[in-house]
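Below you'll find the structure, written out as structure tokens, and then a few comments.
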Amino acid sequence: MYEFIKNIDRRWIFLLMFVSVAIPILLQIQFPEKATDLAVTTYEAIEQLNPGDKVLLSFDFDPASEGELGPMATTFTYHCAVKGLKMYFMALWPVGPQMVDERIEKIIHRDFPDMVYGEDYVNLGFKSGNEGVIKVIVTDFRKLYTTDAYGTAFDDIPMCQDIYSVQDMDLLINVSAGYAGTKEWVQYAVTAFPDDIKMVAGCTGVQAPLLYPYIPDQLPGLLGAIKGAAEYEKLVVERYGLEDQPQYLEGIRRMGPQLVAHLLMILLIITGNVIFFIEKRREGQS
Amino acid sequence: MKRTVPIIITALGGFVLIIAYFIPRTQGWGETAAIWFDVLASIAFILGGGNLLKIHLKKISDQNSGWGYSAITITAFLFTLFVGLGKIGVNPNIQYPDFAWSGSYRTIGSPFWWLYEYAFKPLTATMFAMLAFYVASAAFRAFRAKNIEAILLLGTAFIILLGRTFAGVLLTSWLPDWLVGLKLENLTVTIMKVFNTAGNRAIMIGIALGIASTSLKVLLGVDRTYLGGGED
Amino acid sequence: MKSSLLSKAVLAGLVLAATVWAQEEGPAPPTNVVATDHPWDGGTQLDVSWTLSADDAVNVATYKFYRTLTEAEMLKEEADARFKALNHAKQIVTTELFADADQQGIPHDDPELLGRIRAARKSAADEAITAVNADIVATAGETKYRFISILLAGENTLTVAKLNRAVAYGFKVVAIGKNGVESAPAVSMAAVQPIRQGFDGTRFFLSLIVFIICGAVIYYINVARSGKPLNIRKIAGLQAVYEAVGRATEMGRSILFVPGIQDINDIQTIAGMTILSRVAKTAAEYEAKLEVPTSRALVMTTARETVQAAFLSAGRPDAFNQDLIYYVTDEQFGYVAYLSGMMVREKPAACFYMGSFFAESLILAETGNSIGAIQIAGTAQPAQLPFFVAACDYTLIGEEFFAASAYLSGEPDQLGSLKGQDVGKSIVGIIMVIGVTMLTLAAIVGFDSGFGAAMLDAVDFLKSVILT
Chain X
437 MYEFIKNIDR
447 RWIFLLMFVS
457 VAIPILLQIQ
467 FPEKATDLAV
477 TTYEAIEQLN
487 PGDKVLLSFD
497 FDPASEGELG
507 PMATTFTYHC
517 AVKGLKMYFM
527 ALWPVGPQMV
537 DERIEKIIHR
547 DFPDMVYGED
557 YVNLGFKSGN
567 EGVIKVIVTD
577 FRKLYTTDAY
587 GTAFDDIPMC
597 QDIYSVQDMD
607 LLINVSAGYA
617 GTKEWVQYAV
627 TAFPDDIKMV
637 AGCTGVQAPL
647 LYPYIPDQLP
657 GLLGAIKGAA
667 EYEKLVVERY
677 GLEDQPQYLE
687 GIRRMGPQLV
697 AHLLMILLII
707 TGNVIFFIEK
717 RREGQS
Chain W
548 MKRTVPIIIT
558 ALGGFVLIIA
568 YFIPRTQGWG
578 ETAAIWFDVL
588 ASIAFILGGG
598 NLLKIHLKKI
608 SDQNSGWGYS
618 AITITAFLFT
628 LFVGLGKIGV
638 NPNIQYPDFA
648 WSGSYRTIGS
658 PFWWLYEYAF
668 KPLTATMFAM
678 LAFYVASAAF
688 RAFRAKNIEA
698 ILLLGTAFII
708 LLGRTFAGVL
718 LTSWLPDWLV
728 GLKLENLTVT
738 IMKVFNTAGN
748 RAIMIGIALG
758 IASTSLKVLL
768 GVDRTYLGGG
778 ED
Chain B
36 MKSSLLSKAV
46 LAGLVLAATV
56 WAQEEGPAPP
66 TNVVATDHPW
76 DGGTQLDVSW
86 TLSADDAVNV
96 ATYKFYRTLT
106 EAEMLKEEAD
116 ARFKALNHAK
126 QIVTTELFAD
136 ADQQGIPHDD
146 PELLGRIRAA
156 RKSAADEAIT
166 AVNADIVATA
176 GETKYRFISI
186 LLAGENTLTV
196 AKLNRAVAYG
206 FKVVAIGKNG
216 VESAPAVSMA
226 AVQPIRQGFD
236 GTRFFLSLIV
246 FIICGAVIYY
256 INVARSGKPL
266 NIRKIAGLQA
276 VYEAVGRATE
286 MGRSILFVPG
296 IQDINDIQTI
306 AGMTILSRVA
316 KTAAEYEAKL
326 EVPTSRALVM
336 TTARETVQAA
346 FLSAGRPDAF
356 NQDLIYYVTD
366 EQFGYVAYLS
376 GMMVREKPAA
386 CFYMGSFFAE
396 SLILAETGNS
406 IGAIQIAGTA
416 QPAQLPFFVA
426 ACDYTLIGEE
436 FFAASAYLSG
446 EPDQLGSLKG
456 QDVGKSIVGI
466 IMVIGVTMLT
476 LAAIVGFDSG
486 FGAAMLDAVD
496 FLKSVILT
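Protein chains in written order, with this note's numbering: chain X, 437 to 722; chain W, 548 to 779; chain B, 36 to 503.
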């Protein structure tokens, strides 16, 4: 047995990971959540806005990271819609517009059918250039965005007519899976115009440690991975009574598999170290 | 000449971006330089597409090992390009109903949307999800308590792994109020905010200075290796 | 008796009316609104000041501040109103007619339907435009203001930003009483134009820091050129480059070089190219096969130039095969899928990951590990470093990666730049020590004490003036 574990084929580890994720999903195991400070400040940043305030939502992620970032993007969209904020969606990633479309289809069209495209929300689509896009639109939107994602001229869209730059937004919400994303928004938008641009963000777990140095001055609110999404979800769900709507509980649901997977990781690390020490002792004896 | 012109362009572009930050009169120049790069990068898509076709068609014609994959790549590339550029199955924009191509290429139900929804999306999500398996395997193989530093790292990893789930709350819920800082969920936040931020700042400062120094070498033409060496 | 009652009622009525009138009276207006240019800026700001309302202390809640609209803004507002009305009218008509057509089963591309829609859209647009134009004519000639901000009682200055330096602006301030009633407006005496200065003064200290660090790099490059020997500590990952290439040659297998997934404008990709140059030269000398799949077309072009020159300098120009440096895809996971498949099939003996990496780092490094390749990674993405450290044989961490070019070339010019970088580190260290010391002293003596408050002010100056 010891020899088997010592020389274990990594495919057994893959199988263990698969089982540890699959079982909580199949059994729909859920755990309670407790919102930490960063989730609360993120929630408050949106909650404090007034109906009609302008929010720029930059969805800088792709289907690959949707499993991790999709739930928070959904909750951000719902929260802005229910508050009656004007939503300007955009993306620095080529497939970001599809992430936006999905939220428009599943959240706005389904739960807020009275919202009018071009008056209450607009999808400005993707622009290539990464941080180059940010550098331009922080001072002039029209230099890059001549139309929305569907080809309608920027100035023909009612809610865009009084928008000149990102500085005209009351809040910037960024959901990011890497480059270009939260770090670039902080460096080229918030840092350049600290009095005019306020930002909260959600990011993948790997990115989160890199963004902590920007908290709280440049980045007052940050949701780190599914854990952050679940905490924020809890606040929004409790405030707006969404307990019976599964599409707004995705983050909380995904914390079940995360817990079991983390426990498996700890078990694997301990097992690996036990083998390491046994081997070390044997080497010492011989 | 082959080296001198690129170095002049690099130096001009770089110094314009630096100056534009401090001199209001030149602020627009930086934006212009950024837009020029976008234009170049967009044209490079054609270069990339051409190279893709060349390499894979050659593989197919030479019947090299794995030529079947090349055939699939070429077919998928051309088909996606055709349905995307041709806006096949796309409804006209409501503002311009007379123009068949005025609609969005992402229209729900169009072939491009199908490709995205049922091929691209699951494939990329699968690749990303593989990380979970690789992390587990790497953790088993590489995380060893070889010395004091490694033991500290392992301890931190356990705290974060537990503290980022409900297990952390459950394990330390018995702690009295005056030890609230030691509850795993709070300890996780402290580690992230204090130790992680301090370490990251140190690495970021080093990287930033490295970037500044490397950029300066490139702008001054001291480092020309990326152009293939120092000879003109 | 009757007349006495009547006179009392009239008197009471008068008193009540006077009270209501007094309550609804607004505060005295502010006066003397004066605008001046904001110093050391790009010509986008004006400083405006005014004399507070005489009732400021007793009956002013806030001040509302306005500025005049520029001619372009006025035209824009008019155009906006026209566009909004026009599009709204057109959209309503189109939606209605399409809905009718759906009910009647008429297809959307029916020519007769499209003709009707065109006619209806035109007449709806004409009606909307006429109505908006009438409104515009009715208000022509009035000076129009845009609301800018609300200020609290007692505040009498404001810096107005986002202005056009080609336009002269007028300003209007209105005091709002505690009862919500507005005072008469106070309008600025003369319109003032912002002036663009030659240098952005808010960034003076930053320019100084840039000057010192860049100056130090250039100074030490010159020192190195003068022949003064400079030492650099050994970097294991870079020494292993030769070992890895040698091993691949011995095993008769290829070398894989992955230059990250960012474009050539990323400095990490350029740093990767400098290492590629050295790897290619060694590979050419050892006659090993070097393969460079890229995720960006511009990186491919650059890599070809780099490798070709390296082969040339190794005296093996004939061995250069440009088809081994090729573009795969811009898509992150498409690129990773290709590389993983290729690694498993071709089993390269040495894998180099040098550039900017994201989630793919662990997938690549673990796949490389599973095929038994010797792996060397270098990146300045701090988030990916733990994955490379766990799965690769050697990892160049952050600044080591940028030092690689100097280390591998051994040229005095490049080594000098590293020494200049150290000056930057010293400056950062000194600033950090000063900041931490001041805050610690303030905490010891108490933030409320005179010395503590002075320390806090100094830290604030350091943070928000010098380091901004």
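Ideal Cβ positions, reconstructed from N, Cα and C, are used throughout, including at glycine.
Keep in mind it's a predicted model, so treat the numbers as computed, not measured.
TODO: Enumerate in chain order the residues of its own chain whose CB-to-CB distance from Ile621(W) is below 6 Å, with the five nearest sequence positions on each side excluded.
DONE: As a first step, residue 621(W) must be located in the second sequence, where it is residue number 74. Closer than 6 Å at the Cβ level, and outside the excluded window around Ile621(W), lie His603.
Task: Close beta carbons around Trp56(B), own chain, < 7 Å, minus the five adjacent residues each side - done: For the purposes of this step, residue 56(B) is identified with residue 21 of the third sequence, where counting begins at 1. The pLDDT assigned to Trp56(B) is 49, lower than 50, so where the model puts this residue is not dependable; a value taken from the coordinates is nonetheless given after this. Answer for Trp56(B): no residue qualifies.
Task: Start and end residues, beta strand (DSSP E) containing Ala412(B) - done: Along the third sequence, one-based indexing puts residue 412(B) at 377. Where Ala412(B) is concerned, the enclosing beta strand (DSSP E) stretches over 409-414.
Open item on the list: Give me the chain X residues within the contact set of Phe667(W), using Cβ-Cβ distance strictly less than 8 Å, ordered along the chain.
Closed with: Translated into the one-based positions of the second sequence, residue 667(W) becomes position 120. Here the neighbours are Pro499, Val531.
Task: Three-way DSSP call (helix, strand, coil) for Phe292(B) in this model - done: Indexing the third sequence from 1 puts residue 292(B) at position 257. Strand at Phe292(B).
Open item on the list: I'd like to confirm the pairing. Which residues does DSSP put opposite Lys99(B) in its beta bridges?
Closed with: Your numbering for residue 99(B) matches position 64 in the third sequence. In the DSSP output, where bridge partners are listed per residue, Lys99(B) has Ile185(B), Val209(B).
Open item on the list: In this structure, how does DSSP classify Thr328(B) when only helix, strand and coil are distinguished?
Closed with: As a working mapping, residue 328(B) is identified with position 293 in the third sequence. Residue identity differs from the one stated: residue 328(B) is Pro in this sequence, not Thr. Of the three classes helix, strand and coil, the one that applies to Pro328(B) here is strand, per DSSP.
- [ ] Just list the alpha helix (DSSP H) runs in the region 315-379 of chain B, keeping only unbroken ones of 4 residues or longer that don't cross its boundaries, in chain order.
- [x] 332-348
Task: Chain-ordered neighbours of Phe592(W) on chain B, where CB pairs are closer than 9 Å - done: Position 45 of the second sequence, counted from the first residue, corresponds to residue 592(W). Correct list: Ala332, Asp365.
Task: Nearest candidate by alpha-carbon position, reference Gly710(W), set Ser649(W), Leu729(W), Ile582(W), Asn694(W) - done: The residue labelled residue 710(W) in the question sits at position 163 within the second sequence. The candidate whose alpha carbon is nearest that of Gly710(W) is Leu729(W).
TODO: Name the two residues that bound the continuous alpha helix (DSSP H) containing Cys516(X).
DONE: As a working mapping, residue 516(X) is identified with position 80 in the first sequence. Residues 499-518.
TODO: Could you work out which residues of chain X lie near Ala394(B), taking near to mean beta carbons separated by less than 9 Å?
DONE: Looking up residue 394(B) in the third sequence gives position 359. Under the 9 Å cutoff, chain X gives Ala500, Ser501, Ala613, Gly614, Thr640, Val642.
TODO: Figure out for me which residue from Ala527(X), Ile540(X), Ala613(X) has the closest Cα to the Cα of Leu580(X).
DONE: Indexing the first sequence from 1 puts residue 580(X) at position 144. Checking every option, the nearest Cα to that of Leu580(X) belongs to Ala527(X).
Open item on the list: Counting only Cβ pairs nearer than 7 Å, list the residues of chain B close to Lys764(W).
Closed with: In the second sequence, residue 764(W) corresponds to position 217, counting from 1. Ordered by position in chain B, the residues that pass the 7 Å Cβ test against Lys764(W) are Gln449, Ser452.
Open item on the list: In this structure, how does DSSP classify Ser612(X) when only helix, strand and coil are distinguished?
Closed with: Here residue 612(X) is taken as the residue at index 176 of the first sequence, counted from 1. Correct three-state label for Ser612(X): strand.
Task: Selection of the region 698-714 of chain W by Cβ proximity to chain X, strictly under 8 Å - done: Leu701, Ala704, Phe705, Leu708, Leu709, Arg711, Thr712, Phe713, Ala714
Open item on the list: Between Gly140(B) and chain W, is the shortest Cβ-Cβ distance under 7 Å, so that the two count as touching?
Closed with: As a first step, residue 140(B) is located in the third sequence; it is residue number 105 there, counting from the start. Not an interface residue.
- [ ] Please list, in chain order, all residues of the same chain as Val280(B) whose beta carbon is under 8 Å from its beta carbon, the five residues on each side excluded.
- [x] Here the question's residue 280(B) lines up with position 245 in the third sequence. Within the same chain, Val280(B) has close Cβ partners Ile290, Val314, Thr317, Ala318, Tyr321, Ala323, Ala385.
Open item on the list: To be precise: take each residue of the region 105-123 of chain B, compare its Cβ to all Cβ atoms of chain X, and keep it if any distance is under 7 Å. Which residues remain?
Closed with: Asp115, Phe118, Lys119, Asn122
TODO: Return the CA-CA distance between Asp358(B) and Arg339(B), expressed in angstroms with no decimal places.
DONE: Locating residue 358(B) in the third sequence gives position 323, counting from the first residue. Locating residue 339(B) in the third sequence gives position 304, counting from the first residue. Near 9 Å, if we compare the C-alpha coordinates of Arg339(B) and Asp358(B).
TODO: Return the CA-CA distance between Gly561(W) and Tyr553(X), expressed in angstroms with no decimal places.
DONE: The sequence position of residue 561(W) within the second sequence is 14, counting from 1. The sequence position of residue 553(X) within the first sequence is 117, counting from 1. Going from the Cα of Gly561(W) to the Cα of Tyr553(X) covers about 41 Å.
TODO: Report yes if the C-beta distance between Ala426(B) and Glu446(B) is below 7 Å; otherwise report no.
DONE: Counted from its first residue, the third sequence places residue 426(B) at position 391. Counted from its first residue, the third sequence places residue 446(B) at position 411. The answer is no: Cβ separation not under 7 Å.
Task: Residue range of the beta strand (DSSP E) that includes Lys522(X) - done: Along the first sequence, read from residue 1 onward, the residue named residue 522(X) stands at position 86. Unbroken beta strand (DSSP E) run through Lys522(X): 522-527.
TODO: Flag Ala685(W) as yes if its beta-carbon sits less than 7 Å from any beta-carbon of chain B, otherwise no.
DONE: Looking up residue 685(W) in the second sequence gives position 138. True, the Cβ-Cβ gap to chain B drops below 7 Å.
Task: Reference Met437(X), options Ser456(X), Ile711(X), Pro645(X), Leu658(X), closest by Cα - done: In the first sequence, the residue the question calls residue 437(X) occupies position 1. Nearest C-alpha to Met437(X): Ile711(X).
Task: chain W contact residues for Ile459(X), given Cβ-Cβ distances below 7 Å - done: Residue mapping note: residue 459(X) aligns to position 23 of the first sequence, counting from 1. By Cβ distance, chain W contributes nothing, its closest Cβ being about 14 Å from Ile459(X), past 7 Å.
- [ ] Output, in chain order, the set of chain X residues within a Cβ distance shorter than 8 Å of Gln297(B).
- [x] What you label residue 297(B) is simply residue 262 of the third sequence in a count that begins at 1. The contacting residues are Tyr615.
Open item on the list: Contact criterion: CB-CB distance below 7 Å. Does Thr9(B) meet it with respect to chain W?
Closed with: The structure shown does not extend to residue 9(B), since chain B spans only 36 to 503, so no value can be given for it.
Task: C-beta contact flag for Ala203(B) and Ala163(B) at 7 Å - done: Residue numbering aside, residue 203(B) sits at position 168 when the third sequence is read from its first letter. Residue numbering aside, residue 163(B) sits at position 128 when the third sequence is read from its first letter. Going by C-beta atoms, Ala203(B) is not nearer than 7 Å to Ala163(B).
TODO: With a 10 Å radius around its C-beta and 16 neighbouring C-beta atoms as the bar for buried, classify Asp665(W) as buried or exposed.
DONE: Here residue 665(W) corresponds to residue number 118 of the second sequence, with the count starting at 1. A small fix is needed here, since residue 665(W) is Tyr in this sequence, not Asp. Its Cβ having fewer than 16 others within 10 Å, Tyr665(W) is exposed.
TODO: Flag this pair as yes or no: are the beta carbons of Leu695(X) and Ala714(W) separated by less than 7 Å?
DONE: The count along the first sequence starts at 1 and reaches residue 695(X) at position 259. The count along the second sequence starts at 1 and reaches residue 714(W) at position 167. The answer is yes: Cβ separation under 7 Å.
Open item on the list: Below 9 Å on C-beta distance, what does Asn443(X) contact in chain W?
Closed with: Here residue 443(X) corresponds to residue number 7 of the first sequence, with the count starting at 1. Per Cβ cutoff of 9 Å: no residues; Asn443(X) is ~11 Å from chain W at best.
TODO: Give the secondary structure of Asn199(B) by DSSP, where H, G and I count as helix, E and B as strand, and everything else as coil.
DONE: To locate residue 199(B), count along the third sequence from 1; it is residue 164. It is coil, neither helix nor strand.
Task: Beta carbon proximity, Gln456(B) to chain W, threshold 7 Å - done: Here residue 456(B) refers to the residue found at position 421 of the third sequence. Yes, its Cβ sits closer than 7 Å to a Cβ of chain W.
Task: Where the alpha helix (DSSP H) through Tyr676(X) begins and ends - done: Here the question's residue 676(X) lines up with position 240 in the first sequence. Start and end: 661-676.
Task: Glu555(X) burial status per 10 Å Cβ neighbour count (16 or more: buried) - done: In the first sequence, the residue the question calls residue 555(X) occupies position 119. When all chains shown are included, Glu555(X) counts as exposed.
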